[in-house]
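Asker:
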Ligand code: FES
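Here it is in structure tokens:
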């Protein structure tokens with residue numbers, strides 16, 4: 081019932097871990113199940129150059145987290161904001177309908193990380 085991309089990102093998640101010198105951090109909890117994702121981004125100019133995650137959640141949430149960290153690298157902040165939960169699910173070859181709520185975590189944590197970065201960058205100027 082899971083695509084081969086989901087299984088691959090679940091079994092071999094990319095970019096797991098903390099980023100102590102992150103420029104932006106976003107934390108999102110899923111009200112449906114209580115799972116939590118933390119997403120870290122490193123920004124150079126207006127481009128995301130690195131991303132990492134820590135997720136306490138189901139297999140789909142781990143696969144979503146892993147995929148989203150891969151998708152954002154090299155994107156500008158505005159481009160990264162266009163990454164919707166549907167786009168992450170699509171990149172993973174689809175998610176079962178009852179698991180679509182898991183992709184919210186990734187998209188929302190990413191938005192929060194970008195907001196966090198923008199707030200910090202704004203307060204420096
Ligand atoms: Fe909680 Fe998937 S069941 S994020």
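Residue numbers (my numbering): 81 to 205.
The beta carbon of each residue, even a glycine, is placed where N, CA and C say it ideally should be.
(1) Does the contact criterion of 3 or more C-beta pairs under 8 Å hold for the region 82 to 95 versus the region 189 to 204?
(2) If you reduce the DSSP assignment to three classes, tell me which class residue 162 lands in.
(3) Throw me the rounded Cβ distance for the residue 121 and residue 103 pair, which I believe falls under 8 Å.
(4) Specify the secondary structure class of residue 117 as computed by DSSP and reduced to three states.
(5) Would you mind reading off the limits of the alpha helix (DSSP H) that contains residue 144?
(6) Should residue 182 go down as buried or exposed, given a rule of 16 or more other Cβ atoms within 10 Å for buried?
(7) Decide if residue 98 is buried, meaning its Cβ has at least 16 other Cβ atoms within 10 Å, or exposed.
(8) Nearest-angstrom Cα distance between residue 115 and residue 135?
(9) Compute the Euclidean distance between the alpha carbons of residue 203 and residue 83, then round it to the nearest angstrom.
(10) Go ahead and pull the three-state DSSP assignment for residue 122.
(11) Are residue 186 and residue 129 close, meaning C-beta to C-beta below 8 Å?
Answerer: In terms of the structure at hand:
(1) no
(2) Position 82 of the chain shown holds residue 162. Coil, per DSSP.
(3) Numbered from its first residue, the chain shown carries residue 121 at position 41. Numbered from its first residue, the chain shown carries residue 103 at position 23. Yes, residue 121 and residue 103 are in contact; Cβ-Cβ is about 6 Å, under 8 Å.
(4) Position 37 of the chain shown, counted from the first residue, corresponds to residue 117. The answer is strand: DSSP assigns residue 117 an E or B state.
(5) Taking the chain shown and counting its residues from 1, the one referred to as residue 144 is at position 64. It spans 139 to 152 - the alpha helix (DSSP H) in which residue 144 sits, taken as one unbroken run.
(6) Taking the chain shown and counting its residues from 1, one reaches residue 182 at position 102. Classification for residue 182: buried.
(7) Stepping through the chain shown from its first residue, residue 98 is reached at position 18. By the neighbour-count rule (16 or more Cβ atoms within 10 Å), residue 98 is not buried but exposed.
(8) In the chain shown, the residue the question calls residue 115 occupies position 35. In the chain shown, the residue the question calls residue 135 occupies position 55. Straight-line Cα distance between these residues: approximately 8 Å.
(9) The residue you call residue 203 lines up with position 123 of the chain shown. The residue you call residue 83 lines up with position 3 of the chain shown. One C-alpha to the other measures close to 43 Å.
(10) Taking the first residue of the chain shown as position 1, residue 122 is located at position 42. Three-state result, residue 122: strand.
(11) Here residue 186 refers to the residue found at position 106 of the chain shown. Here residue 129 refers to the residue found at position 49 of the chain shown. Not closer than 8 Å, so no.
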